[in-house]
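Everything on this sheet refers to the single structure shown next.
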């Protein structure tokens, strides 16, 4: 009985330490590469510190700042930008049911707050699910701090509902675009000319590979529909489809194949060694 208590207590302590560390900056540098473009990690609807917390541990980055966006849009920064390595900023929203426009406003406030700590010429954005909508809203807003590299994981670019889970839209993709479009796609189509010509974009979709052609929440065709707006407008647009059980919507950010794709796209191999 005592050993069960000891094991249970140890597991509880390990869980508590993991929970704490996922929401706080790294204390030690993991890489020593000069990099003056911070990479912000943006979760989606009901996203938490777990969305990108473990991926940030696995990637060759230093999570120097955790940016917490309060319900009123105010930003609290844990940590401070020091640059030097591959700098990561984990963005967390207190309101887990926040919508894209409010998330976009919060993200803009985060970037402004970070600029108060250290000046930087551009940012990279790594996003999951609805966070991909938010990241693209920021990208096409012609911001003062532009996006250099955008990575979207399972973003519902052609869904009628981009936040809450519901019907999965998977309209076919034809030679000139999707056969049917949702309002969010129409919005981005109207603002396609605002995509930076220098943008590098990696778009990742998940397919459970059971004949459904979706990741359990977002259709492959919905995620990839944005290709028609990005191709021939940005410097580089690339797609990856992850297949199998580990391609489930909430597991994409826990997939080692995705880790490798993210790291390779953000930083060429000769830059990741530290």
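Numbering (my numbering), first residue to last: 1 to 274.
Think of the CB as a built atom: it goes at the ideal place given N, C-alpha and C, for glycine as much as any other residue.
Here the structure is a predicted model, which is why all the values come from computation and not from measurement.
Under a Cβ-count criterion, where at least 16 other Cβ atoms within 10 Å of its own Cβ denotes burial, should residue 39 be classed as buried or exposed? Per the 10 Å Cβ criterion, buried.
Taking the alpha-carbon positions, what's the residue 270 to residue 240 distance? A caution first: residue 270 carries a pLDDT of 44, below 50, which makes its placement in the model unreliable, though a value can still be read off. Their backbone Cα atoms lie some 22 Å apart in a straight line.
Rounded to a whole number of angstroms, what is the C-alpha to C-alpha distance between residue 148 and residue 265? Cα to Cα, the separation comes out at about 12 Å.
Beta carbon of residue 206 nearer than 7 Å to that of residue 155: Taking 7 Å as the Cβ cut-off, residue 206 and residue 155 do not qualify as a contacting pair.
Residues in its own chain within less than 6 Å of residue 236 by CB, not counting five upstream and five downstream? Cβ neighbours of residue 236 beyond the five flanking positions: 200.
Beta carbon of residue 137 nearer than 7 Å to that of residue 104: Yes, these two residues count as a Cβ contact at 7 Å.
Give me the Cα-Cα distance between residue 151 and residue 221, rounded to the nearest whole angstrom. Straight through space, the alpha carbons of residue 221 and residue 151 are spaced by roughly 17 Å.
State the start and end residues of the unbroken alpha helix (DSSP H) segment that holds residue 187. Counting along the chain, the alpha helix (DSSP H) containing residue 187 begins and ends at 183–190.
Let me know the secondary structure DSSP gives residue 198 once reduced to three states. If DSSP states are grouped into helix, strand and coil, residue 198 belongs with coil.
Can you grab the Cα-Cα spacing for the pair residue 120 / residue 173, in whole Å? Between the alpha carbons of residue 120 and residue 173 lies a distance of about 38 Å.
In terms of residue numbering, what span does the alpha helix (DSSP H) encompassing residue 73 cover? Note, residue 73: premise wrong, no alpha helix (DSSP H); not H, not E.
Distance check for residue 68 and residue 189, CA to CA, integer angstroms please. If I take the Cα positions, the gap works out to 31 Å.
Just reading off the alpha helix (DSSP H) that residue 116 is part of, what are its end residues? Start and end: 100–117.
Following the continuous beta strand (DSSP E) through residue 135, name the residue where it begins and the one where it ends. Per DSSP, residue 135 is not a residue of any beta strand (DSSP E); the alpha helix (DSSP H) it occupies stretches across 130–139.
What does DSSP give as the partner residue(s) for residue 63 in the beta ladder? Beta-bridge partners assigned by DSSP to residue 63: 88.
Should residue 232 be labelled buried (16 or more other beta-carbon atoms within 10 Å of its own) or exposed? Exposed is the call here.
Run of the beta strand (DSSP E) containing residue 41, from where it starts to where it stops: Note, residue 41: beta strand (DSSP E), 39–42.
Could you check what DSSP says for residue 93 in three-state terms: helix, strand or coil? DSSP places residue 93 in strand when its eight states are reduced to three.
For residue 45, decide whether its Cβ has a neighbour in chain B, counting only Cβ atoms nearer than 7 Å. Among the chains of the structure shown, chain B does not appear; only one protein chain is present.
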